[in-house]
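Enquirer: The sequence shown begins at 12 in the numbering used here and counts up one residue at a time. Backbone N, C-alpha and C fix where the C-beta goes; we use that ideal spot for every residue, glycine too. Bear in mind the structure is a predicted one, so any value in this text is a computation, not a measurement. Mind looking over this structure? Questions follow.
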Amino acid sequence: MGAAKTLIYRIFYTTTGIFTTPIDVCSKYIAVFIIFGAFLERTGISDFFIQLANSLAGSASGGPAKVAVISSALCGMVSGSSVGNTVTTGSVTIPMMKKTGYKGEFAAAVEAAASTGGQIMPPVMGAAAFLMIDYVGVPYSNIIVRAILPAALYFLGIFIAVHLEAKRTGLKGIPKDQLPKFSVLAKKSYLLLPLVVLVLMVSLNLKTMAFSAATAIVVCILVSLLNKDNRITPLKFFDALANGGKNCISIIAACGIAGIVAGCIAMTGLASQIISFIIRIAGDKLIIALFFTMICCIVLGMGVPTTANYCIMASTCAPILIRMGVPAIAAHFFVFYFGIVADITPPVALAAYAGSAIARSDPMKTGVNATRLAIAAFVVPYIFAMDPTMMFVGIEHWYQVALICLTSVVGIYGVAAGLAGFTFKEMPWYVRILSVAGGLMLLAPSTLTDIIGLVLVAAVVLGQYLWSKKSAPKAT
12 MGAAKTLIYR
22 IFYTTTGIFT
32 TPIDVCSKYI
42 AVFIIFGAFL
52 ERTGISDFFI
62 QLANSLAGSA
72 SGGPAKVAVI
82 SSALCGMVSG
92 SSVGNTVTTG
102 SVTIPMMKKT
112 GYKGEFAAAV
122 EAAASTGGQI
132 MPPVMGAAAF
142 LMIDYVGVPY
152 SNIIVRAILP
162 AALYFLGIFI
172 AVHLEAKRTG
182 LKGIPKDQLP
192 KFSVLAKKSY
202 LLLPLVVLVL
212 MVSLNLKTMA
222 FSAATAIVVC
232 ILVSLLNKDN
242 RITPLKFFDA
252 LANGGKNCIS
262 IIAACGIAGI
272 VAGCIAMTGL
282 ASQIISFIIR
292 IAGDKLIIAL
302 FFTMICCIVL
312 GMGVPTTANY
322 CIMASTCAPI
332 LIRMGVPAIA
342 AHFFVFYFGI
352 VADITPPVAL
362 AAYAGSAIAR
372 SDPMKTGVNA
382 TRLAIAAFVV
392 PYIFAMDPTM
402 MFVGIEHWYQ
412 VALICLTSVV
422 GIYGVAAGLA
432 GFTFKEMPWY
442 VRILSVAGGL
452 MLLAPSTLTD
462 IIGLVLVAAV
472 VLGQYLWSKK
482 SAPKAT
């Protein structure tokens with residue numbers, strides 16, 4: 012009984028249980044940002060994002076799927092919930108994709124993968140970025156910079172896969188006369204002002220984060236006065252506060268539970284046992300430690316809300332990589348990424364299941380498709396964990412940044428094309444292997460691998476292009 016009393020005392024009456032980092036960060040930062048998100052929605056920004064995506068990509072091949080990728084990235088970074096974002100934007104984009112000709116499993120997978128990635132998309136990145144400030148001890152602006160390229164590669168991988176699927180199946184876009192005009196939408200660009208104000212104030216460290224979010228809320232209200240369609244009335248004002256409060260309850264509960272889990276893990280010594288076990292198996296091989304850490308993150312992250320998910324990963328899995336010599340920021344991003352993708356990784360892929368419910372598709376097939384589309388999330392973390400230059404760590408000259416961005420983009424294209432099995436023509440299995448291998452080599456930060464990878468990807472693309480021209484029916 013003494014042990015039980017000690018456990019209860021430490022969890023409920025000390026700062027090693029419920030009242031630990033997650034709750035502390037939630038009370039200082041997350042709550043006010045959730046309320047900001049509720050007010051931002053009242054300005055009509057979600058609808059603006061969807062219309063903007065339609066205007067930019069709706070008329071391209073497979074336009075609705077590209078719209079889903081863009082709009083989900085923009086909406087997801089604000090919502091902070093992969094499942095919530097899948098349901099919100101998916102209710103619009105999934106029927107559009109199916110109407111264009113995409114299969115239900117693919118349409119739901121696109122939405123689930125893009126919505127899940129919204130949480131790694133700077134500048135807002137859901138709520139986990141604010142937790143990372145305390146766990147890693149770096150400024151918010153630093154986290155945003157480190158997140159830019161990995162997030163861009165994630166969505167680029169999905170975008171390329173969507174484009175190649177559309178080319179393979181001959182899917183067309185939405186007629187331009189049915190799309191909103193960019194010139195009209197540009198007049199509503201003032202809706203982005205709250206986000207701009209927030210990012211500038213936080214990045215420049217002008218005031219505290221809570222003050223910055225409160226200022227952004229005031230800007231939301233002022234901006235809404237210019238929008239006749241979504242003007243915030245007194246009723247909508249209190250409705251936004253109520254919705255913000257409701258959303259805070261679920262986040263606070265998740266943070267509290269995460270504190271209990273982290274506290275139990277610390278008190279029982281489970282965390283140190285997991286760390287010692289993986290380090291003992293890995294020896295001095297970082298790649299083995301990364302693999303087992305990935306498995307731990309995906310298993311522990313299944314069915315767990317994003318905020319609680321990251322808290323658990325930061326307590327149990329990040330120390331493994333830090334002990335192996337991985338920089339703290341890269342280690343935390345690694346566990347964050349793999350905790351997030353648990354939402355689209357079978358067998359417990361909540362975001363994929365939410366999308367399949369809208370598309371009326373097979374949940375397991377949807378999860379498998381979403382995992383394939385989000386391949387960048389399974390590759391990129393390994394790259395920046397082994398060499399953080401992808402996160403702009405240790406960069407001395409601007410041309411290094413340009414080179415990393417260029418090789419990474421071409422590399423993601425090679426991997427995505429190889430998995431899709433199509434560029435200008437269907438790929439034989441051996442060409443697909445060459446394409447994926449070349450892409451992975453380009454992602455690895457090394458001059459030798461960059462040269463080999465570039466040659467392989469270029470050979471695949473050129474070969475496929477010439478083959479498609481040769482086998483194309485001649486005009487009579």
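Only counting the same chain, and skipping five residues up and downstream in sequence, which positions put a Cβ closer than 7 Å to that of Tyr393?
Expert: So the qualifying residues of the chain are Leu301.
Enquirer: Classify Ile34: buried if its beta carbon has 16 or more other beta carbons within 10 angstroms, exposed otherwise.
Expert: So Ile34 counts as buried.
Enquirer: Measuring alpha carbon to alpha carbon, tell me which of Leu430, Ile323 and Val207 ends up nearest Ile285.
Expert: For Ile285, the nearest C-alpha among the options comes from Ile323.
Enquirer: So, for Asn241: in the same chain, excluding its five sequence neighbours on each side, which residues have a beta-carbon less than 7 Å away from its beta-carbon?
Expert: Closer than 7 Å at the Cβ level, and outside the excluded window around Asn241, lie Arg53, Thr54, Gly55 and Ser235.
Enquirer: Tell me the DSSP bridge mates of Glu437?
Expert: Paired residues: Phe433.
Enquirer: Identify whether Leu467 lies in helix, strand or coil by the three-state DSSP scheme.
Expert: Helix.
Enquirer: What does the alpha-carbon distance come out to for the pair Ala221 and Gly256?
Expert: One C-alpha to the other measures close to 16 Å.
Enquirer: Quick one: residues in its chain with C-beta nearer than 7 Å to the C-beta of Gly112, no 5 flanking neighbours on either side, listed in chain order?
Expert: For Gly112, where only same-chain residues beyond five positions count, the Cβ hits under 7 Å are Thr180 and Leu182.
Enquirer: Compare the Cα-Cα distances from Phe395 to each of Gly432, Val337 and Asp354 and report the closest residue.
Expert: For the residues Gly432, Val337 and Asp354, the minimum Cα distance to Phe395 belongs to Val337.
Enquirer: Go to Leu6, then tell me how far its alpha helix (DSSP H) extends in each direction, as first and last residue.
Expert: Since the first residue shown for the chain is 12 and the last is 487, residue 6 is missing from the structure and cannot be characterised.
Enquirer: Would you verify that the beta carbon of Val149 is, or is not, closer than 8 Å to some beta carbon of chain B?
Expert: Included in the structure is just one protein chain, with no chain B present.
Enquirer: Near Ala68, which residues of its chain fall below 7 Å by C-beta distance, leaving aside the five closest residues on each side in sequence?
Expert: Taken in chain order, the residues that qualify are Gly74, Lys77, Val78 and Ile81.
Enquirer: With three or more beta-carbon pairs closer than 8 Å as the criterion, would you say the stretch 402-416 touches the stretch 146-157?
Expert: Segments in contact, yes.
Enquirer: Count the other CB atoms within 10 Å of the CB of Thr127; is the residue buried (16 or more) or exposed (fewer)?
Expert: So Thr127 ends up on the buried side.
Enquirer: Would you mind giving the Cβ-Cβ distance between Ile131 and Ala162, rounded to the nearest angstrom? I have them listed as a contact below 8 Å.
Expert: Right, their Cβ atoms sit about 5 Å apart.
Enquirer: Terminal residues of the continuous alpha helix (DSSP H) containing Pro338?
Expert: That residue, Pro338, is in no alpha helix (DSSP H); it is neither H nor E in DSSP.
Enquirer: Check for me: the alpha helix (DSSP H) holding Val315 runs from which residue to which?
Expert: First-last for Val315: undefined, no H or E at that position.
Enquirer: For Ala353, I'd like the list of residues in its chain whose CB is within less than 6 Å of its CB, leaving aside the five on either flank, ordered along the chain.
Expert: Around Ala353: Ile309, Gly312 and Met313.
Enquirer: Cα separation between Ala123 and Pro358?
Expert: Roughly 15 Å separates the two Cα atoms.
Enquirer: Are Ile169 and Leu465 close, meaning C-beta to C-beta below 8 Å?
Expert: No, Cβ-Cβ distance for Ile169 and Leu465 is not below 8 Å.
Enquirer: Is the stretch 16-31 touching the stretch 197-215 in the sense that three or more CB pairs, one from each, lie closer than 8 Å?
Expert: Not touching, per the Cβ criterion.
Enquirer: Nearest to Thr226 by alpha carbon, out of Leu237, Lys239, Asn238 and Val210?
Expert: Looking at the Cα atoms, Val210 is the closest of the given residues.
Enquirer: Counting along the chain, where does the alpha helix (DSSP H) carrying Lys109 start and finish?
Expert: Here the alpha helix (DSSP H) through Lys109 covers Ser93 to Thr111.
Enquirer: Classify Gly280: buried if its beta carbon has 16 or more other beta carbons within 10 angstroms, exposed otherwise.
Expert: Gly280 comes out exposed.
Enquirer: At which residue ranges does the stretch 327-408 contain complete alpha helix (DSSP H) runs of 4 or more residues, listed in the order of the chain?
Expert: 329-334, 339-351, 361-370, 374-384 and 386-397, all fully within the stretch 327-408.
Enquirer: Given this structure, state the Cα-to-Cα distance separating Ala486 from Trp478, to the nearest angstrom.
Expert: Its pLDDT being 49, under 50, Ala486 is placed unreliably by the model, and the measurement read from it follows with that caveat. Their Cα atoms are separated by approximately 17 Å.
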